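Have a look at the structure below, then the notes.
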């Protein structure tokens, strides 16, 4: 940083320097970084520039995510765009700022030093946002200063003289609206043109925030910046969404609406997917010649993968909701309303969305914790999210409840089965809350953390941004179905078909899978489980719902067509104590390879997922043990 | 400050952000927080001398949104308590 302060003078000379001719950089080799404060519309511009040609990964060794994409310039050349995390300053204090600083100064060996910077600022809040321009321009890297949200600035009667600002900053300035695509061509022009180092007329002492702010104010003033009128619509909407009475009601309706849609509106779509798999499976069954291969494809692969892909509509709907809530600006309000309640268990407002999402799937929920700035709060949220009842658990619950709980009306209104299901939801929720409380008052204790949450203006979500999110989610989801689940199904099929006797598959009890189950029996006997459940527990390590298919296969029946048969078989084979123990086991256990993998990625190592897995397994074992012995 | 000055002494009404009701405004005087946290608040616009207006809040008044330097930032009560204010000086015209 001090090096930048001392290069004050060099700014005046760099205008005279000849810029590096772009041809010398080689076509397609140019890397540019997108930098800006949170809520500056950086991601919208990133989507505009790169469209479908982007990918998300983590910077190695840290939990900061790295979005990279390819922007195609007019004339066919391509540029690699890195979307850096949203930052307020370049002083490396948080991990996000450290990564941004390291990338911009070329200190990360995994990322080439950007040859140019696209600095995105909110033109409606230029006074404050211009503060970030000081440390960025001081880097001496060719920079385009992008004033985003030009449409907002105009409609709220603000004004800025782009040419004057450009003269002040000694760098090109573009006034654009990334949402509407207005002026985005200027970004492409900058990227394909000759790059010159910035030469600002003056720069403040970078470490001094008040001086930086004063500098930003001066520069804005000289550029004729007129801040826009207050966002009238945002105030009006807030007087509704943050109303002391109406606000919480709307909040509750939003949460209920999300759940309602996930569990009712998604059903026809899920049935549709299910039907597709059944019909195509039957077609495969009749088309392929009768052989071991047919059995593998139809019973192993198709059914297994189908049982997971069924959940795709539900997961996509959830992400559509979250996308709309986030892009519109309501999510920040929801976090505000939820903050006090979450604070009671030691979490905070921002933990609310991940925990809500975890009811659809823990994997995206854990990814959603990235918005939690406080590392300890984030860690606690990650660690408790897998307790929430996901649809995979729901499948297991449905099977066991249908088999063991007689359908009866409670108090004339509730059905006994719905009550049992609700109880299991509450069980998971309670475990999460208790764990959060325990974590936050011990290893993850964070006394003096401050909660600061910026309320963005309300905006209409764009179809492009929502579409890109859903596409990205589908890709991740189908990848999982096509790899982990597929593999488990093939292995299970293999293990239950060897050793072969005279070309015939052995009875399940004598197969390798059956022997593994028997081997496990002493360990799971205290919970009231037999060897068949044991095999189910092993396969469900990959994904909980696999146990349904596994038990179906083991009990020698097709779970799809003869579900009643499987229920009867379970009733005959298991006492009620074992059934309750099984439910409790599934409520607590972390049987999901994808979740373990994503926790490892997000926490940057094996320590946390290992602890989490051990903790949840112990809880599951103890809970199931107690339940079995109390009821037995 | 203890001299006779004819107008109500500003000391009397000095307070913190917590004291502001919705629509009230005050000038930020200082931030009683450790360096890093104060710095983050300053980057968000909470600079000494800045005019801060209290806005809407979550039910129960905590956290509350504050309008400062063109943005709206929500702070918990425990944070707002550390931001000391003085009244807007009305002597200047």
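Chains as they are written, first to last, in the numbering used here: chain V, 1 to 632; chain U, 1 to 93.
Note that beta-carbon positions come from the ideal geometry of N, C-alpha and C, so glycine has one too.
Since this is a predicted model, take the numbers as computed values, not measurements.
Between the beta-carbon of residue 58(U) and the beta-carbon of residue 339(V), is there less than 8 Å? The residue given as residue 58(U) occupies position 58 in the second chain. The residue given as residue 339(V) occupies position 339 in the first chain. Yes, the pair counts as a contact, with Cβ atoms nearer than the cut-off.
Open item on the list: If you reduce the DSSP assignment to three classes, tell me which class residue 159(V) lands in.
Closed with: Reading the first chain from its first residue, position 159 is the one you call residue 159(V). Here residue 159(V) sits in strand by DSSP.
**Prompt:** Out of curiosity, what's the CA-to-CA distance linking residue 517(V) and residue 597(V)?
**Reply:** The residue given as residue 517(V) occupies position 517 in the first chain. The residue given as residue 597(V) occupies position 597 in the first chain. For the pair residue 517(V) and residue 597(V), the Cα-to-Cα distance works out to about 26 Å.
Inset, instruction - For residue 69(U), count neighbouring C-beta atoms within 10 Å of its own C-beta (all shown protein chains included) and say buried if the count is 16 or more, exposed if not. - result: Reading the second chain from its first residue, position 69 is the one you call residue 69(U). With 16 or more other Cβ atoms from the protein chains shown falling within 10 Å of its own Cβ, residue 69(U) counts as buried.
Name the DSSP beta bridge partners of residue 143(V), please?
-> Here residue 143(V) refers to the residue found at position 143 when the first chain is read from its first residue. Under DSSP, residue 143(V) takes part in a beta bridge, and its partners are 117(V).
Name, going along the chain, the residues of the region 26 to 48 of chain U whose beta-carbon falls closer than 8 Å to a beta-carbon of chain V. Only 33, 34, 36, 37, 39, 40, 41, 42, 43, 44, 45, 47 and 48 from the region 26 to 48 of chain U bring a Cβ to less than 8 Å from some Cβ of chain V.
Q) Between which two residues does the beta strand (DSSP E) carrying residue 74(U) extend? A) Here the question's residue 74(U) lines up with position 74 in the second chain. Here the beta strand (DSSP E) through residue 74(U) covers 71 to 75.
inquiry  = Tell me whether the region 286 to 293 of chain V and the region 308 to 324 of chain V touch, counting them as touching only if at least three CB pairs, one residue from each stretch, are closer than 8 Å.
reply    = Output reads no: the region 308 to 324 of chain V does not touch the region 286 to 293 of chain V.
**Message:** Using a Cβ-Cβ cutoff of 7 Å, what residues of the region 62 to 85 of chain U are near chain V? List them in chain order.
**Reply:** In summary, the residues of the region 62 to 85 of chain U whose CB is separated from some CB of chain V by less than 7 Å are 62, 63, 65, 69, 70, 71, 72, 73, 74, 75, 76 and 79, in the order they occur in the chain.
ask   = If contact means a Cβ-Cβ distance below 7 Å, which residues of the region 326 to 357 of chain V contact chain U?
value = Taking 7 Å as the cut-off between beta carbons, the residues of the region 326 to 357 of chain V near chain U are 336, 337, 339 and 340, in sequence order.
DSSP has residue 452(V) in a bridge; who is on the other side? As a first step, residue 452(V) is located in the first chain; it is residue number 452 there, counting from the start. Partner(s): 75(U).
**Asked** Which residue from 219(V), 134(V) and 214(V) puts its Cα closest to that of residue 160(V)?
**Response** As a working mapping, residue 160(V) is identified with position 160 in the first chain. With respect to the C-alpha of residue 160(V), the residue from 219(V), 134(V) and 214(V) having the closest C-alpha is 219(V).
| said: Please classify residue 602(V) as buried or exposed, where buried requires at least 16 other C-beta atoms within 10 Å of its C-beta. | reply: In the first chain, the residue the question calls residue 602(V) occupies position 602. Burial call: buried.
Checklist line | Given residue 526(V) as reference, the closest of 497(V), 629(V), 493(V) and 467(V) once Cα atoms are compared | finding: By one-based count along the first chain, residue 526(V) stands at place 526. Closest option to residue 526(V), judged by alpha-carbon separation, among 497(V), 629(V), 493(V) and 467(V): 629(V).
**Study point:** Contact with chain V by residue 58(U), beta-carbon distance below 8 Å
**Key:** Position 58 of the second chain holds residue 58(U). Residue 58(U) counts as touching chain V.
Given residue 78(U), which residues of its chain have a CB within under 6 Å of its CB, disregarding the five upstream and five downstream residues? For this step, residue 78(U) is matched to residue 78 along the second chain. Spatial neighbours of residue 78(U) in its own chain (CB-CB distance under 6 Å, excluding positions within 5 residues in sequence) are not present.
Boundaries of the alpha helix (DSSP H) in which residue 550(V) is found, first to last residue
Position 550 of the first chain, counted from the start, is the residue given in the question as residue 550(V). Looking at the DSSP string, the run of the alpha helix (DSSP H) that includes residue 550(V) is 546 to 554.
query: Relative to the alpha-carbon of residue 375(V), which residue among 90(V), 95(V) and 81(V) has its alpha-carbon at the smallest distance?
result: In the first chain, counting from the first residue as 1, residue 375(V) sits at position 375. Nearest to residue 375(V) by C-alpha distance, out of 90(V), 95(V) and 81(V), is 95(V).
Pair within 8 Å by beta-carbon distance, residue 156(V) and residue 393(V): The residue given as residue 156(V) occupies position 156 in the first chain. The residue given as residue 393(V) occupies position 393 in the first chain. Going by C-beta atoms, residue 156(V) is not nearer than 8 Å to residue 393(V).
Whole alpha helix (DSSP H) elements within the region 426 to 482 of chain V, 4-residue minimum
Counting only runs of 4 or more, we get 463 to 480.
Just by C-beta distance, which residues in the region 452 to 468 of chain V are closer than 7 Å to chain U? Contacts with chain U (Cβ-Cβ distance below 7 Å) from the region 452 to 468 of chain V involve 452, 453, 454 and 455, listed in chain order.
_Candidates 40(V), 308(V), 403(V) and 423(V): closest to residue 571(V) by CA position_ = Here the question's residue 571(V) lines up with position 571 in the first chain. Selected option, being the one with the closest Cα: 403(V).
Please tell me whether residue 54(U) has its Cβ less than 8 Å away from any Cβ of chain V.
To locate residue 54(U), count along the second chain from 1; it is residue 54. Residue 54(U) does not count as touching chain V.
Whose C-beta lies closer than 8 Å to the C-beta of residue 151(V) among residues of the same chain, with five residues either side of it excluded? On the first chain, position 151 is the one that residue 151(V) refers to. When the five nearest sequence neighbours on each side are left out, the beta carbons in the same chain lying within less than 8 Å of the beta carbon of residue 151(V) are those of 177, 179, 180 and 182, in order along the chain.
Just checking my contact of residue 136(V) with residue 118(V) at CB under 8 Å: how many whole Å lie between their CB atoms?
Here residue 136(V) is taken as the residue at index 136 of the first chain, counted from 1. Here residue 118(V) is taken as the residue at index 118 of the first chain, counted from 1. With a contact defined as Cβ atoms closer than 8 Å, residue 136(V) and residue 118(V) miss out at about 10 Å.
TODO: List the residues that DSSP assigns as beta-bridge partners of residue 28(U).
DONE: Counting from one through the second chain, the residue named residue 28(U) turns up at place 28. For residue 28(U), the pairing in a beta bridge is given by DSSP as 85(U).
Chain-ordered chain U contacts of residue 213(V) [CB-CB under 7 Å]: The residue labelled residue 213(V) in the question sits at position 213 within the first chain. In chain order: 47.
task = Work out the CA separation of residue 364(V) and residue 356(V) for me, nearest whole Å.
result = Here the question's residue 356(V) lines up with position 356 in the first chain. Here the question's residue 364(V) lines up with position 364 in the first chain. Counting only the Cα atoms, residue 364(V) lies some 11 Å from residue 356(V).
Discussion item. Taking 7 Å as the limit between beta carbons, can you name the residues of its chain near residue 25(V), skipping five residues before and five after?
Written reply: The residue you call residue 25(V) lines up with position 25 of the first chain. For residue 25(V), the predicted model reports a pLDDT of 38, less than 50, meaning its position is unreliable and no value from the coordinates is stated.
Rounding to the nearest angstrom, what Cα-Cα distance links residue 33(V) and residue 110(V) in this structure? Position 33 of the first chain, counted from the first residue, corresponds to residue 33(V). Position 110 of the first chain, counted from the first residue, corresponds to residue 110(V). Cα to Cα, the separation comes out at about 14 Å.
ask   = At least one CB of chain U closer than 8 Å to the CB of residue 93(V): is that the case?
value = Reading the first chain from its first residue, position 93 is the one you call residue 93(V). Closer than 8 Å: yes.
Taking Cβ positions only, does residue 125(V) come closer than 8 Å to chain U?
Within the first chain, the letter at position 125 stands for residue 125(V). At a cut-off of 8 Å between beta carbons, residue 125(V) contacts chain U.
Legend entry - Residues bridged to residue 612(V) (per DSSP): The count along the first chain starts at 1 and reaches residue 612(V) at position 612. Within the DSSP secondary-structure output, residue 612(V) pairs in no beta bridge.
What span of residues does the beta strand (DSSP E) with residue 67(U) cover, start to end? Position 67 of the second chain, counted from the start, is the residue given in the question as residue 67(U). Its beta strand (DSSP E) spans residues 64 to 68.
Check: What residue does the alpha helix (DSSP H) around residue 578(V) start on, and which one ends it?
Finding: Taking the first chain and counting its residues from 1, the one referred to as residue 578(V) is at position 578. Residue 578(V) -> alpha helix (DSSP H) spans 576 to 588.
I'd like the list of long-range same chain contacts for residue 455(V), defined as Cβ closer than 6 Å, with 5 residues on each side in sequence excluded. The residue labelled residue 455(V) in the question sits at position 455 within the first chain. Excluding residues within five positions, the ones whose Cβ falls inside 6 Å are 332.
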